[in-house]
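Student:
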Amino acid sequence: MQENKPDGAFQVLGAWFSWLIVLTLVIVMLYMHSEKFITVWRGMRLLELWWWNATFQFVGIEYFDHFLSQLEKTPPNRIGWKFVSAFEASLNTYLRFLYAGVLIVIAVRMRFNSQKVTGEFNVQTLLEQYADESESLESLVHDNPLKNNRKYDFSNRCDYHNRHAQAISPQTYIEACPPMNASNEELEQHSEAELNKKETSFRPIAIINRYKKQVDFCRISARISLERQITDPPSHGGYYLDEDFVPRLFDKSGELIELVVVKDPETKELKIQGGFSLDGLINNGREYNGTASELRLLFNGIERSVFDTLCARYNHPSVALADFVLNLTKRHAYRRTYLVELLRVVRLNAIIASTEFYMIQRRDRILYFTLYSASEEKPFYEALGVMAHWSMEKLAGEKVIKPYVDTGISVLEKDAMRIAAKKPPRRNLIEELNQQMLKDNDLSESRAFEFNDKEAMSLLKSKLEPNL
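Residue 251 in full-length UniProt numbering sits at position 251 of the sequence shown, and the numbers go up by one each step.
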């Protein structure tokens, strides 16, 4: 864009000379047609004085009545330039202050508008200027993604702080220390150790030596990180503060179990410390015998909003919603794997974008990427553990109580080897999970299953193979 250059001396003098010529012509025309001008002036003054007099009579001010009667009684042929000058001087003794105020307001407004249309804007100021045009622009003014880091901030792992951060890459996920989904206490311990220059007790999931193409992979760290994607411990560390965010429990007869509320003696806060589901399980892993209308209470506040949205979009032609949601509780043990399956079924008969639940990212990042993974059929690493367990439940055809993330761990290890060898990914992660499921020759070692005989093992194998 070409910059505006200041006017030169000749241009400025030429502009002033042009205005002087225009003013001279106006004065000459007024002098030549003074009779017509005085007639027009008299008519406009009469209208103005009538308006001022009618307005101020309501408050008992008769100031303009004298001037109005004087101008009405004076014949037009007796009005000359001297009369106009004397009349204006007398009338505007006080009225000039009002006109001056109006002119000052107009001048300030014109100056403000001039600065507004000629000033230089960046993205933020442009959004602020037009925030009243739509709600979307107004929300961007207060939460502009361009003002936030697009990369995940490992120094502050709060979901809201990283609400605009993109998905974590495989290499970043594997090499993060402490690993992803570490608790707040673990992060504080690691920070204190680094601050005091002591050896930390945490390590990345994989330590990759690219020069020697070697990988030191820790399956324990990988298991803990992936299992916490499923279990979703309370953010406050074992208790809730708001009843609307509590995943409720039901007894064997389908009745709602009361919450255990304790008052903190120090902060005087009411803390909910019992009567809710633990480790992300639906009804703590027990069979749900309640009604379909109360099933939404099994989820926490964020998951409940997702559940309500999916139920509202459910449009299956032959299966009733109430029957379907109740049946899902028998096939999925965890709240997040339940929502994955519900979303995939809803998408069969309704259009739901991959970013439908984008606003959830600032409140529950793992849940957002879980739903995103279910939509894209390609798990993000921040939802790999959830998708691994969902894949196991899907292939087994029944719910699995203990977290099964063995296939996810295998995927992480293979990806670490791939990164060390500087090779591209070979296949879709969903396929990787399913392929690894059948390659596991001894599923009895898995934490998710405990088989007592070979007949049960062969039965599971027969269930898995037709699904691939």
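Using N, Cα and C, we set each Cβ at its ideal position, and we do this for glycine too.
Is it the case that the segment 348 to 365 contacts the segment 407 to 416, given that we only count it when at least three CB pairs across the two stretches are under 8 Å?
Tutor: Touching, no.
Student: Would you please state the rounded distance, in angstroms, between the beta carbons of Leu256 and Leu297? I believe it to be under 8 Å.
Tutor: Reading the sequence shown from its first residue, position 256 is the one you call residue 256. Reading the sequence shown from its first residue, position 297 is the one you call residue 297. Their Cβ separation, rounded to whole angstroms, is 7 Å, which keeps Leu256 and Leu297 in contact under 8 Å.
Student: With distances taken between CB atoms, is the gap from residue 470 to Leu281 smaller than 9 Å?
Tutor: Because residue 470 is not part of the residues shown, which for the chain are 1 to 468, the question remains open.
Student: Could you pull the start and end residues of the beta strand (DSSP E) that Asp216 belongs to?
Tutor: For the purposes of this step, residue 216 is taken as residue 216 along the sequence shown, with counting starting at 1. From DSSP, the beta strand (DSSP E) with Asp216 extends over Gln214 to Phe217.
Student: Which residues in the same chain have their Cβ closer than 6 Å to the Cβ of Ser373, if we skip the five residues on either side of it in sequence?
Tutor: The residue you call residue 373 lines up with position 373 of the sequence shown. For Ser373, where only same-chain residues beyond five positions count, the Cβ hits under 6 Å are Pro379, Phe380, Ala383 and Met387.
Student: Going by the beta-carbon positions, is the gap between Val325 and Ala292 smaller than 9 Å?
Tutor: Numbered from its first residue, the sequence shown carries residue 325 at position 325. Numbered from its first residue, the sequence shown carries residue 292 at position 292. Going by C-beta atoms, Val325 is nearer than 9 Å to Ala292.
Student: Straight-line CA distance for Arg203 to Leu226?
Tutor: For the purposes of this step, residue 203 is identified with residue 203 of the sequence shown, where counting begins at 1. For the purposes of this step, residue 226 is identified with residue 226 of the sequence shown, where counting begins at 1. About 15 Å.
Student: Helix, strand or coil: how does DSSP classify Tyr94 here?
Tutor: As a first step, residue 94 must be located in the sequence shown, where it is residue number 94. Residue state, collapsed to three classes: helix.
Student: Which residues does DSSP list as the beta-bridge partners of Tyr160?
Tutor: On the sequence shown, position 160 is the one that residue 160 refers to. Per DSSP, none; premise fails for Tyr160.
Student: If you compare alpha carbons, which of Asp132, Arg248, Asn315 and Val261 is closest to Gly290?
Tutor: Numbered from 1 along the sequence shown, position 290 holds the residue referred to as residue 290. Comparing Cα positions, the closest option is Arg248.
Student: Check each candidate in Asn144, Trp52, Leu127 and Trp41 and name the one with the smallest Cα separation from Tyr99.
Tutor: Counting from 1 along the sequence shown, the entry for residue 99 is found at position 99. Tyr99 has its Cα closest to that of Trp52, out of Asn144, Trp52, Leu127 and Trp41.
Student: Should Gly385 go down as buried or exposed, given a rule of 16 or more other Cβ atoms within 10 Å for buried?
Tutor: Start at 1 with the first residue of the sequence shown, and residue 385 comes out as number 385. Buried.
Student: If you check the beta carbons only, do Ser221 and Pro170 fall under 9 Å apart?
Tutor: Locating residue 221 in the sequence shown gives position 221, counting from the first residue. Locating residue 170 in the sequence shown gives position 170, counting from the first residue. In this structure, Pro170 does not lie closer than 9 Å to Ser221 by Cβ.
Student: Quick one: is Met359 buried, meaning 16 or more other Cβ sit within 10 Å of its Cβ, or exposed?
Tutor: Translated into positions along the sequence shown, residue 359 becomes position 359. Label assigned to Met359: exposed.
Student: Could you check how far apart the C-beta atoms of Thr39 and Pro76 are, in whole angstroms? I think they sit under 8 Å.
Tutor: On the sequence shown, position 39 is the one that residue 39 refers to. On the sequence shown, position 76 is the one that residue 76 refers to. Thr39 to Pro76, Cβ: 6 Å. Contact.
Student: Whose C-alpha, out of Asp242, Leu310, Trp16 and Cys218, is nearest the C-alpha of Glu413?
Tutor: Residue numbering aside, residue 413 sits at position 413 when the sequence shown is read from its first letter. When each option's Cα is compared against that of Glu413, the closest is Cys218.
Student: Could you compute how far the alpha carbon of Ile366 sits from the alpha carbon of Ile168?
Tutor: Walking along the sequence shown from the start, residue 366 turns up at place 366. Walking along the sequence shown from the start, residue 168 turns up at place 168. Each residue's Cα considered, the two are about 11 Å apart.
Student: In chain order, what residues of the same chain lie with their CB nearer than 6 Å to the CB of Lys263, ignoring the 5 residues before and after it?
Tutor: Locating residue 263 in the sequence shown gives position 263, where the first residue counts as 1. Excluding sequence neighbours, Lys263 sits near Leu270.
Student: Skipping 5 residues on each side, what residues in its chain have a beta carbon closer than 6 Å to that of Leu30?
Tutor: Taking the first residue of the sequence shown as position 1, residue 30 is located at position 30. Contacts found: Phe37.
Student: Per DSSP, what kind of secondary structure is Ala15 in: helix, strand or coil?
Tutor: Working through the sequence shown from its first residue, we reach residue 15 at position 15. Looking at Ala15 - three-state DSSP - the assignment turns out to be helix.
Student: Suppose contacts are defined by Cβ-Cβ distances below 9 Å. Is Arg42 in contact with Ile79 by that definition?
Tutor: Within the sequence shown, numbered from 1, the residue matching residue 42 stands at position 42. Within the sequence shown, numbered from 1, the residue matching residue 79 stands at position 79. Yes, the Cβ-Cβ distance between Arg42 and Ile79 is below 9 Å.
Student: Leaving out five residues on either side along the sequence, give the residues of the same chain with a beta carbon under 8 Å from the beta carbon of Asp153.
Tutor: As a first step, residue 153 is located in the sequence shown; it is residue number 153 there, counting from the start. Only His161, Asn162 and Ala165 meet the Cβ criterion.
Student: For Ala182, count neighbouring Cβ atoms within 10 angstroms of its own Cβ and tell me buried if that reaches 16, exposed if not.
Tutor: The count along the sequence shown starts at 1 and reaches residue 182 at position 182. Buried is the call here.
Student: Verify whether the separation of the beta carbon atoms of Ala206 and Ile174 is less than 9 Å.
Tutor: By one-based count along the sequence shown, residue 206 stands at place 206. By one-based count along the sequence shown, residue 174 stands at place 174. Yes, the Cβ-Cβ distance between Ala206 and Ile174 is below 9 Å.
Student: Under the DSSP definition of a beta bridge, which residues are partnered with Ile208?
Tutor: Here residue 208 is taken as the residue at index 208 of the sequence shown, counted from 1. According to DSSP, Ile208 bridges with Val215.
Student: By the 10 Å Cβ neighbour count, where 16 or more other Cβ atoms means buried, how is Leu443 classified, buried or exposed?
Tutor: Numbered from 1 along the sequence shown, position 443 holds the residue referred to as residue 443. Caution is warranted here: a pLDDT of 43 is assigned to Leu443, below 50, making its placement in the model unreliable, and no coordinate value can be reported.
Student: Shortest alpha-carbon distance to Tyr288 belongs to which of Val12, Asn327 and Thr267?
Tutor: Along the sequence shown, read from residue 1 onward, the residue named residue 288 stands at position 288. Answer by Cα proximity: Asn327.
Student: Please work out which residues of its chain come closer than 8 Å, Cβ to Cβ, to Ala416, disregarding the five sequence neighbours upstream and downstream, and give them in chain order.
Tutor: Along the sequence shown, one-based indexing puts residue 416 at 416. Closer than 8 Å at Cβ, skipping near neighbours: Ile174, Ile205, Ala206, Ile208, Val215 and Phe217.
Student: Which residues in the same chain have their Cβ closer than 7 Å to the Cβ of Leu127, if we skip the five residues on either side of it in sequence?
Tutor: The sequence position of residue 127 within the sequence shown is 127, counting from 1. Leu137, Leu140, Val141 and Asn144.
Student: Straight-line CA distance for Ser134 to Thr118?
Tutor: For the purposes of this step, residue 134 is taken as residue 134 along the sequence shown, with counting starting at 1. For the purposes of this step, residue 118 is taken as residue 118 along the sequence shown, with counting starting at 1. Cα to Cα, Ser134 sits roughly 23 Å from Thr118.
Student: Taking only the alpha-carbon atoms, compute the straight-line gap between Leu71 and Leu46 and give it to the nearest angstrom.
Tutor: In the sequence shown, the residue the question calls residue 71 occupies position 71. In the sequence shown, the residue the question calls residue 46 occupies position 46. Their Cα atoms are separated by approximately 7 Å.
Student: Assuming Glu258 and Gly285 are in contact, meaning their beta carbons sit under 8 Å apart, how far apart are those beta carbons, in whole angstroms?
Tutor: As a first step, residue 258 is located in the sequence shown; it is residue number 258 there, counting from the start. As a first step, residue 285 is located in the sequence shown; it is residue number 285 there, counting from the start. Not confirmed; about 20 Å, so no contact.
Student: For Phe202, which of helix, strand or coil comes out of DSSP?
Tutor: Against the sequence shown, residue 202 aligns to sequence position 202. Correct three-state label for Phe202: coil.
Student: Tell me, which residues are paired with Gly274 by DSSP?
Tutor: The residue given as residue 274 occupies position 274 in the sequence shown. Val260.
Student: Look up Tyr358 in the DSSP assignment and say whether it is helix, strand or coil.
Tutor: What you label residue 358 is simply residue 358 of the sequence shown in a count that begins at 1. Residue state, collapsed to three classes: helix.
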